[in-house]
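Going by the numbering used here, the sequence shown opens with residue 36, and the numbers climb by one from there.
For glycine and all other residues, C-beta sits at the position ideal for the given N, C-alpha and C.
What follows is a short report on a single structure.
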Amino acid sequence: MNNIFSLAYEILSWKVHRALIRAKLEPYLGFLHSAQYVKPSLVCDFQELHRYLIDDFLVQHCRKLRKKDFMVKTENLSPGKKGKREYLNDSGTDDLMKELDKFFERRVEIPRIRVGQGQTLEILINEEALLFARFLRDERENWTPRVEVV
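Written out as structure tokens, the structure is:
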């Protein structure tokens with residue numbers, strides 16, 4: 036199960052990273068997570084806003100999984116030591132990716148900045164990055180994250 040959560044968090048991370056770049060923010064200069072050369076700490080900070088949604092989605096998704104959706108691989112765990120790990124098979128991974136795409140394209144009840152209508156979760160992530168960037172540049176007096184209710 037751990038690898039399923041890791042994959043979904045990685046997809047969220049890419050979407051957040053792209054949103055921060057579009058907002059002209061430096062993804063490696065975060066506030067909550069430590070600044071490390073290879074770790075985009077602002078991405079890590081910002082994805083915390085939406086991680087609970089991924090968790091909820093994955094709990095629901097994993098309830099539908101069966102033993103046939105997994106495969107076992109023997110891997111080198113350390114020099115001279117092998118172990119077995121369980122992974123989603125190709126079909127299970129394809130299904131997860133399709134469901135994640137639908138998840139990010141689902142409508143949320145939070146109105147868009149300019150239009151005032153509902154939007155997709157992915158657009159919400161992009162808008163929050165823009166609003167946060169405006170706050171950092173003193174173009175907004177404050178910033179309160181708009182988050183979707185589960």
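Nearest residue (CA-CA) to Glu-83, options Asp-125, Val-51, Ala-58 and Ser-126: Val-51
Backbone secondary structure at Glu-134 - three-state DSSP: helix
Rounded C-alpha distance that separates Lys-192 from His-96: Nothing about residue 192 can be read from this structure; the chain reaches only from 36 to 185.
Contact check, Phe-92 vs Phe-138, beta carbons under 7 Å: yes
Length of the line joining the Cα atoms of Leu-100 and Arg-172: 46 Å
Residues near Leu-165 in its chain [Cβ-Cβ closer than 7 Å; skip 5 each side]: Ala-58
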